[in-house]
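Okay, so the sequence shown: first residue is 1179 according to this note's numbering, each after it adds one.
Heads up, the beta-carbon is just placed ideally off N, CA and C, and yes, glycines get one too.
Since this is a predicted model, take the numbers as computed values, not measurements.
The block underneath contains the structure these notes are about, expressed in structure tokens.
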Amino acid sequence: MILPIRAYGDPVLKKVAQDIEPGHPGLEQLIADMFETMYAASGVGLAAPQVGQSIRLFIVDASPFATDEDGNPTEDEHLKDFKKVFINPYIVEEDGEEWPFEEGCLSIPGIREAVQRQPRIVLQYLDEAFKEHEEAFEGFAARVIQHEHDHLDGVLFVDHLPPLRRRLLQGKLRDISRGKTDAQYKLRFTPLK
Ligand code: NI
């Protein structure tokens, strides 16, 4: 089932999400719904708070970047297995020189901005079977994880922008919270004053 995505302004996006336990009610269905919701919105990642659940869970699928329209491998071929579920994830290391990359977010339709982040991370997480992993990621994969991991701490990519840049976006962000967007997927709005 496609779930409505919470738009900028919804208080759930500002909350720190809680760890979950094995046997969390409805988890399997939630994960399936999140994939369906993410694909319907052409997203690369989706965090549970974006569908109104303040739990430490996000999904990613960057595998489409591994091939071009003819099915041939691209320079991002290493992303072909980058379809994953992350439960109770925590970034335990982050290093390297910050690099800019233009990020967007399904909760902030129509806005893309260059965000500075470090290129390498180590992530501790549980997979769908609640098996523990500690894994290193870099480049685009690290970037997607850093963005989604932020959602679990109530942080949005616009929070990383320089103060002036952010101030210039205030009007647009308020408009989004009030439903002024031409996004082609289902959103749920909580208007900001
Ligand atoms: Ni996002």
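*To which residues does DSSP link Ala1225 through a beta bridge?*
Phe1236
*What is the DSSP secondary structure of Tyr1363, counted as helix, strand or coil?*
coil
*Should Glu1326 be counted as a contact of the ligand NI given a C-beta to heavy atom distance under 8 Å?*
yes
*Determine the DSSP secondary structure at Asp1353, reduced to helix, strand or coil.*
helix
*Count the other CB atoms, across all protein chains shown, that sit within 10 Å of the CB of Val1270; report buried if there are 16 or more and exposed otherwise.*
exposed
*Given a threshold of 16 other Cβ atoms within 10 Å of its Cβ, counted over all protein chains shown, does Lys1371 qualify as buried or as exposed?*
exposed
*asked:* For Leu1304, report the span of its beta strand (DSSP E) as first-last.
replied: Arg1298 to Leu1304
*What's the gap between the Cα of Gln1231 and the Cα of Val1336?*
21 Å
*Could you give the distance in angstroms between the alpha-carbon of Pro1189 and the alpha-carbon of Asn1266?*
21 Å
*Classify Ser1355 as buried or exposed, calling it buried when 16 or more other Cβ atoms lie within 10 Å of its own Cβ.*
buried
*asked:* Classify Pro1227: buried if its beta carbon has 16 or more other beta carbons within 10 angstroms, exposed otherwise.
replied: buried
*Please look up how many angstroms separate the CB atoms of Ile1183 and Val1229, rounded, as I've assumed it's under 8 Å.*
6 Å
*asked:* I'd like to know whether the C-beta atoms of Val1293 and Glu1281 end up nearer to each other than 9 Å.
replied: yes
*Own chain partners of His1202 with C-beta closer than 8 Å, once the 5 adjacent residues on each side are dropped*: Ile1233
*In the DSSP assignment, what are the bridge partners of Glu1280?*
Ala1292
*Residue burial classification, Gln1324 (beta-carbon count within 10 angstroms, cutoff 16)*: buried
*Taking the Cβ atom as the reference point for each residue, do Ile1286 and Leu1334 lie within a distance shorter than 9 Å?*
yes
*When you compare each of Lys1309, Ala1314 and Tyr1303 to Gln1296 by their alpha carbons, which one comes out closest?*
Ala1314
_Residue burial classification, Thr1215 (beta-carbon count within 10 angstroms, cutoff 16)_ = buried
*asked:* The beta strand (DSSP E) that contains Ile1265, what's its start and end?
replied: Lys1261 to Asp1273
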